[in-house]
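**Student:** One line per chain: the protein sequences are V and W, in this order.
Its first residue numbered 525, the first sequence is counted upward by one per residue in our numbering.
Its first residue numbered 62, the second sequence is counted upward by one per residue in our numbering.
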Amino acid sequence: MSPEFLYTIEVILNGLMAGIMYSLVALGFVLIFKASGIFNYAQGVMALFAALTLVGFQSGQIPFSHLINVMFGTEYHHWGEGMNNFLAIVLTILVMIAFAWLVEKLVLKHLVNQAPIILFMATIGLAFFMEGFGDLMWGANIKTLDVGIPSGGSFWWEDVTRTWATEGSEYYGMYIDVLDVWATGIAVALVIVLMLFSQFTKTGRALRAVADDHQAALTVGISLRTIWVIVWSIAGIVALVAGIMWGSKSGVQFSLSLIALKALPVLILGGFTSIPGAIIGGLIIGVGEKLFEFWVGPLIGGATENWFAYVLALFFLMFRPQGLFGEKIIERV
Amino acid sequence: MFYRESGDFKTSYSGDQQIFPIAFDRWVVIAFCAFAFVVVPFLINDYWEKSVLVPVLVWSLAALGLNILTGYCGQVSLGTGGFMAVGAYASYKLTTSFPEMNMFIVILLSGGVTALVGIVFGLPSLRIKGFYLAVATLASQFFLVWLFNKVPWFYNYSASGQISAPERFVFGIAISGPNSPPWATYLFCLTFVVVFALIAKNLTRGRLGRSWMAIRDMDIAAEIIGVPPLKTKLSAFAVSSFYIGISGALFFMVYLGAAEPTEAFGIEKSFLVLFMIIIGGLGSIFGSFIGAAFMILMPVLFKNIMVGGLGWPTDLVAHLIFMLIGGLIMFFLIVEPHGLAQLWRVTKEKLRLWPFPH
Numbered sequence: 525m526s527p528e529f530l531y532t533i534e535v536i537l538n539g540l541m542a543g544i545m546y547s548l549v550a551l552g553f554v555l556i557f558k559a560s561g562i563f564n565y566a567q568g569v570m571a572l573f574a575a576l577t578l579v580g581f582q583s584g585q586i587p588f589s590h591l592i593n594v595m596f597g598t599e600y601h602h603w604g605e606g607m608n609n610f611l612a613i614v615l616t617i618l619v620m621i622a623f624a625w626l627v628e629k630l631v632l633k634h635l636v637n638q639a640p641i642i643l644f645m646a647t648i649g650l651a652f653f654m655e656g657f658g659d660l661m662w663g664a665n666i667k668t669l670d671v672g673i674p675s676g677g678s679f680w681w682e683d684v685t686r687t688w689a690t691e692g693s694e695y696y697g698m699y700i701d702v703l704d705v706w707a708t709g710i711a712v713a714l715v716i717v718l719m720l721f722s723q724f725t726k727t728g729r730a731l732r733a734v735a736d737d738h739q740a741a742l743t744v745g746i747s748l749r750t751i752w753v754i755v756w757s758i759a760g761i762v763a764l765v766a767g768i769m770w771g772s773k774s775g776v777q778f779s780l781s782l783i784a785l786k787a788l789p790v791l792i793l794g795g796f797t798s799i800p801g802a803i804i805g806g807l808i809i810g811v812g813e814k815l816f817e818f819w820v821g822p823l824i825g826g827a828t829e830n831w832f833a834y835v836l837a838l839f840f841l842m843f844r845p846q847g848l849f850g851e852k853i854i855e856r857v
Numbered sequence: 062m063f064y065r066e067s068g069d070f071k072t073s074y075s076g077d078q079q080i081f082p083i084a085f086d087r088w089v090v091i092a093f094c095a096f097a098f099v100v101v102p103f104l105i106n107d108y109w110e111k112s113v114l115v116p117v118l119v120w121s122l123a124a125l126g127l128n129i130l131t132g133y134c135g136q137v138s139l140g141t142g143g144f145m146a147v148g149a150y151a152s153y154k155l156t157t158s159f160p161e162m163n164m165f166i167v168i169l170l171s172g173g174v175t176a177l178v179g180i181v182f183g184l185p186s187l188r189i190k191g192f193y194l195a196v197a198t199l200a201s202q203f204f205l206v207w208l209f210n211k212v213p214w215f216y217n218y219s220a221s222g223q224i225s226a227p228e229r230f231v232f233g234i235a236i237s238g239p240n241s242p243p244w245a246t247y248l249f250c251l252t253f254v255v256v257f258a259l260i261a262k263n264l265t266r267g268r269l270g271r272s273w274m275a276i277r278d279m280d281i282a283a284e285i286i287g288v289p290p291l292k293t294k295l296s297a298f299a300v301s302s303f304y305i306g307i308s309g310a311l312f313f314m315v316y317l318g319a320a321e322p323t324e325a326f327g328i329e330k331s332f333l334v335l336f337m338i339i340i341g342g343l344g345s346i347f348g349s350f351i352g353a354a355f356m357i358l359m360p361v362l363f364k365n366i367m368v369g370g371l372g373w374p375t376d377l378v379a380h381l382i383f384m385l386i387g388g389l390i391m392f393f394l395i396v397e398p399h400g401l402a403q404l405w406r407v408t409k410e411k412l413r414l415w416p417f418p419h
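Below is the structure:
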């Protein structure tokens with residue numbers, strides 16, 4: 525095989541794995557949108573917050589230590605050595621569940637029956653609040669996150685692919701980050717678990733009922749508010765997974781919350797209501813933007829990844845305004 | 062007691078249709094404008110100009126523009142920052158290519174250029190609605206900022222990739238560049254804001270504004286009663302982008318002086334303007350002003366109290382301000398989804414009867 529062809533394959537593979545990372549964030553959006561019709565802009569910030577909390581627990585930071593130190597003139601930073609990964613993850617999940625409960629109690633409960641756009645804006649407000657809150661709680665410096673997932677290039681894959689190239693050509697093998705492979709595996713596992721959960725458990729059935737029809741679900745005795753807390757908790761856990769993956773990849777920092785913006789084109793491409801749509805949308809966006817950058821990028825100055833996803837999604841929307849897998853939009857006067 | 066329409070007789074149609082039908086309202090607004098035009102320029106100093114008055118004026122204009130699109134026509138846009146960048150770069154290219162051109166014309170033309178760009182990016186709105194459109198407008202935000210970063214022609218091939226405003230004069234007085242007196246820049250912005258607020262108010266009262274609102278309330282129904290969606294939606298995009306372009310041009314020429322697109326016109330600016338109109342009130346001209354003033358002045362106030370008064374570190378205060386903005390937005394959406402303008406309307410209703418209960 526010629527090196528050019530192998531480069532293209534490498535770009536596609538990396539695009540697929542980048543797409544999986546976008547899908548991880550988009551999944552949380554879809555879950556919440558299906559269950560409550562809320563377009564949760566704060567999903568990206570939830571990932572950041574979860575990752576920050578995880579790092580905080582791991583390294584044994586004292587929450588709000590900066591604020592406390594300023595207010596009382598003390599010098600506290602850590603309460604000890606920190607805790608092991610498992611305990612830290614469990615505690616973070618508990619924090620995310622508590623967060624879901626608080627959001628329902630303090631915000632969503634009061635916004636029932638408002639227009640979707642009002643709810644969307646409320647989640648933007650929530651995103652701002654959590655961004656400030658997370659930074660205030662754990663400090664705004666860039667942190668490294670390590671939960672024991674291997675990372676770095678795979679030498680084995682490089683050796684294998686080097687032999688594929690035609691004899692005598694200057695080809696040194698494909699670069700694939702092991703972390704991305706892990707992320708793909710974890711994402712697949714997560715989707716399977718979510719599917720099993722929604723197919724075979726009582727709560728899962730209730731979730732699907734609410735997604736289908738709010739009022740019918742209410743009449744058969746499903747408590748909407750409990751369901752919302754559950755859905756936001758699940759979205760929080762998905763956010764934690766996304767936060768761990770992105771955090772291990774590029775450090776836990778403010779820019780993590782911007783992946784929400786990257787997940788938006790994935791969502792509109794796949795359709796807001798479809799979990800497979802979120803995955804396939806992510807793959808299309810991932811491959812599309814990497815290939816565009818590879819083929820067209822050098823001609824027009826590069827860094828096209830900033831905007832190409834949106835244009836691609838826009839292009840798809842022109843033909844299917846409800847996204848690839850979304851329910852058909854029916855409007856009645 | 063004094064705020065009511067009794068004794069205020071209308072004897073002509075034009076009298077009946079004026080913007081402020083209650084005499085008291087009219088005089089307050091006229092007095093306020095007179096104060097802003099005549100008294101403030103004598104009191105203004107550098108601090109007030111740079112951190113309070115000019116930013117409030119510039120952002121009011123941007124909020125006015127977005128409110129026309131989102132509040133009146135119901136098309137949510139997250140591309141405000143990108144359109145402001147178009148206005149800024151248009152004014153830069155115009156004034157460096159034609160140094161003799163009058164600044165008023167430069168700013169107006171930049172608005173015109175932005176309106177054209179706005180129409181192009183408004184085209185998807187004919188097919189895409191709601192959230193889908195909001196995400197689609199992000200394409201314009203990121204694409205435009207990328208474009209201004211990557212094409213050297215826009216920044217006149219300067220080595221830093223920045224644009225900086227040359228010194229320009231109106232009636233012989235500098236309004237841009239480092240030597241411009243505070244009162245001149247303030248008056249220059251104020252003129253634009255007052256004129257265009259008046260135009261916006263009249264637009265929204267007229268035929269065009271009514272068709273915008275019809276589209277906002279239900280586009281299919283509006284189409285059935287004969288409001289053309291193509292013309293209406295695109296005109297909303299054009300007018301809105303015109304306002305945003307002017308505000309972007311003023312933001313760059315008068316306020317910033319030098320700009321780098323990702324820094325000055327990023328996505329956070331789009332959100333800032335969106336927050337202004339939510340807090341101020343969707344579909345209200347007055348709301349755009351009060352929202353802009355609120356979002357600009359609140360951080361200044363809190364910074365002064367916490368950094369200046371209590372001596373807290375600035376990064377901590379920045380986080381607290383983030384929390385506060387987010388919290389306030391949720392609070393407003395829960396308590397008063399129609400924003401500060403609605404609170405003002407309720408207060409006025411109360412004032413009509415005050416101090417008598419009935």
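Every residue, glycine too, gets a C-beta built ideally from N, C-alpha and C.
Because the structure is a prediction, the values reported are computed rather than measured.
Per DSSP, which residues does V:Ile-768 bridge with? Please list them.
**Tutor:** Note: V:Ile-768 sits in no beta bridge, so no partner.
**Student:** Taking CB distances under 8 Å as the criterion, tell me whether V:Gly-552 reaches chain W.
**Tutor:** So, not an interface residue.
**Student:** Just to confirm before moving on: does the CB-CB distance between V:Gly-847 and V:Gly-801 stay below 8 Å?
**Tutor:** In this structure, V:Gly-801 lies closer than 8 Å to V:Gly-847 by Cβ.
**Student:** W:Met-162 and W:Ser-308: beta carbons closer than 8 Å?
**Tutor:** No, the Cβ-Cβ distance between W:Met-162 and W:Ser-308 is not below 8 Å.
**Student:** What ranges does the alpha helix (DSSP H) occupy inside the segment 123-175 of chain W, keeping only unbroken runs of at least 4 residues that lie completely in it?
**Tutor:** Taking only runs of at least 4 residues, the alpha helix (DSSP H) segments lying wholly in the segment 123-175 of chain W are 141-158.
**Student:** Hey, out of V:Ser-583, V:Ile-586 and V:Gly-552, whose CA is closest to V:Met-570's CA?
**Tutor:** Among V:Ser-583, V:Ile-586 and V:Gly-552, the Cα nearest to that of V:Met-570 belongs to V:Gly-552.
**Student:** Mind listing the chain V neighbours of W:Met-356? Cutoff is C-beta to C-beta under 8 Å, in chain order.
**Tutor:** In chain order: nothing, as chain V lies at least about 12 Å away.
**Student:** Would the segment 139-155 of chain W count as touching the segment 171-181 of chain W if we require 3 or more Cβ pairs under 8 Å?
**Tutor:** Flag = yes, the segment 139-155 of chain W and the segment 171-181 of chain W touch.
**Student:** Measure the alpha-carbon distance for W:Phe-383 versus V:Asp-683 and round it to whole angstroms.
**Tutor:** Distance between the alpha carbons of W:Phe-383 and V:Asp-683: 49 Å.
**Student:** According to the neighbour-count rule (16 or more other Cβ atoms, all chains shown, within 10 Å of its Cβ), is V:Val-712 buried or exposed?
**Tutor:** Exposed is the call here.
**Student:** Which runs of the beta strand (DSSP E) fall wholly inside the segment 689-766 of chain V and span at least 3 residues, in chain order?
**Tutor:** Fully enclosed beta strand (DSSP E) runs of 3 or longer: not present.
**Student:** Taking only beta-carbon atoms, is V:Pro-587 less than 8 Å away from chain W?
**Tutor:** Judged by the 8 Å Cβ criterion, V:Pro-587 is not in contact with chain W.
**Student:** Assign V:Glu-655 to buried or exposed, taking buried as 16 or more other Cβ atoms, counted over all protein chains shown, within 10 Å of its Cβ.
**Tutor:** By the neighbour-count rule (16 or more Cβ atoms within 10 Å), V:Glu-655 is buried.
**Student:** Run through the DSSP bridge pairs and tell me what W:Phe-230 is partnered with.
**Tutor:** The partner list for W:Phe-230 (beta bridge, DSSP) reads W:Ala-235.
**Student:** Closest to W:Met-356 by C-alpha separation, out of W:Asp-107, W:Leu-184 and W:Ala-123, would be which residue?
**Tutor:** Cα-wise, what sits closest to W:Met-356 is W:Ala-123.
**Student:** Could you pull the start and end residues of the alpha helix (DSSP H) that W:Gly-348 belongs to?
**Tutor:** Taken as a continuous stretch (DSSP letters only), the alpha helix (DSSP H) holding W:Gly-348 covers 346-364.
**Student:** When DSSP labels each residue in this structure, what does W:Ala-283 get in the three-state scheme?
**Tutor:** In this structure, W:Ala-283 counts as helix in the three-state DSSP scheme.
**Student:** Mind listing the chain W neighbours of V:Asn-941? Cutoff is C-beta to C-beta under 9 Å, in chain order.
**Tutor:** The requested residue 941 of chain V is not part of the displayed model; chain V covers only 525 to 857.
**Student:** One question on the structure: do W:Thr-198 and W:Ser-138 come within less than 8 Å of each other, judged by their Cβ atoms?
**Tutor:** Against a cut-off of 8 Å, the Cβ pair of W:Ser-138 and W:Thr-198 comes out as a contact.
**Student:** Does W:His-399 come within less than 8 Å of chain V when only Cβ atoms are used?
**Tutor:** So, not an interface residue.
**Student:** V:Phe-652 and W:Ile-338 - do their beta-carbons sit closer together than 8 Å?
**Tutor:** For W:Ile-338 and V:Phe-652, no; Cβs fall outside 8 Å.
**Student:** Using a Cβ cut-off of 7 Å, which residues of the segment 656-672 of chain V contact any Cβ in chain W, in chain order?
**Tutor:** Those residues of the segment 656-672 of chain V that come within reach of chain W (Cβ to Cβ, closer than 7 Å) are Gly-656, Phe-657, Asp-659, Leu-660 and Ala-664.
**Student:** Decide if the segment 566-582 of chain V is in contact with the segment 209-220 of chain W; the criterion is three or more beta carbon pairs, one per stretch, under 8 Å apart.
**Tutor:** With a cut-off of 8 Å, the segment 209-220 of chain W and the segment 566-582 of chain V do not count as touching, because too few Cβ pairs lie within range.
**Student:** Of the residues that make up the segment 614-630 of chain V, which ones have a beta carbon closer than 7 Å to any beta carbon in chain W?
**Tutor:** Listed in sequence order: no entries.
**Student:** If you compare alpha carbons, which of V:Phe-839, V:Gly-795 and V:Ser-798 is closest to V:Gly-812?
**Tutor:** Nearest C-alpha to V:Gly-812: V:Phe-839.
**Student:** Please list the segments of the beta strand (DSSP E) lying wholly inside the segment 594-659 of chain V, counting only runs of 3 or more residues, in order along the chain.
**Tutor:** Segments of the beta strand (DSSP E) lying fully in the segment 594-659 of chain V: there are none.
**Student:** Can you tell which of V:Trp-625, V:Phe-563, V:Phe-849 and V:Thr-797 has the C-alpha that lies nearest to the C-alpha of V:Thr-750?
**Tutor:** Measuring from the Cα of V:Thr-750, the nearest candidate turns out to be V:Trp-625.
**Student:** Which class does V:Lys-852 belong to by DSSP, given the choice of helix, strand or coil?
**Tutor:** Three-state result, V:Lys-852: coil.
**Student:** Which residues in chain V sit within 9 Å of W:Ile-189, going by Cβ to Cβ distance?
**Tutor:** Chain V residues near W:Ile-189: Ile-792, Leu-838, Leu-841, Met-842 and Pro-845.
**Student:** What are the residues that DSSP puts in a beta bridge with V:Gly-584?
**Tutor:** BP columns for V:Gly-584 are empty, so no partner.
**Student:** Using a Cβ-Cβ cutoff of less than 6 Å, which residues in the same chain neighbour W:Gly-238 once the five nearest sequence positions on both sides are dropped?
**Tutor:** Only Glu-228 meet the Cβ criterion.
**Student:** To the nearest angstrom, how far is the alpha carbon of W:Arg-406 from that of W:Leu-358?
**Tutor:** So the two alpha carbons sit approximately 22 Å from each other.
**Student:** Kindly list the residues whose CB is nearer than 7 Å to the CB of V:Val-631, restricted to its own chain and excluding five residues on each side of it in sequence; keep chain order.
**Tutor:** Ala-646 and Leu-650, listed in sequence order.
**Student:** Can you tell me whether W:Ser-225 is helix, strand or coil according to DSSP?
**Tutor:** W:Ser-225 falls in the strand class under three-state DSSP.
**Student:** So is W:Phe-203 in contact with chain V if we call contact Cβ pairs under 8 Å?
**Tutor:** Answer yes: the Cβ-Cβ gap between W:Phe-203 and chain V drops below 8 Å somewhere.
**Student:** Which one of W:Glu-410, W:Phe-81, W:Lys-409 and W:Glu-397 has the shortest CA to CA distance from V:Leu-635?
**Tutor:** Out of W:Glu-410, W:Phe-81, W:Lys-409 and W:Glu-397, W:Glu-397 has the C-alpha closest to the C-alpha of V:Leu-635.
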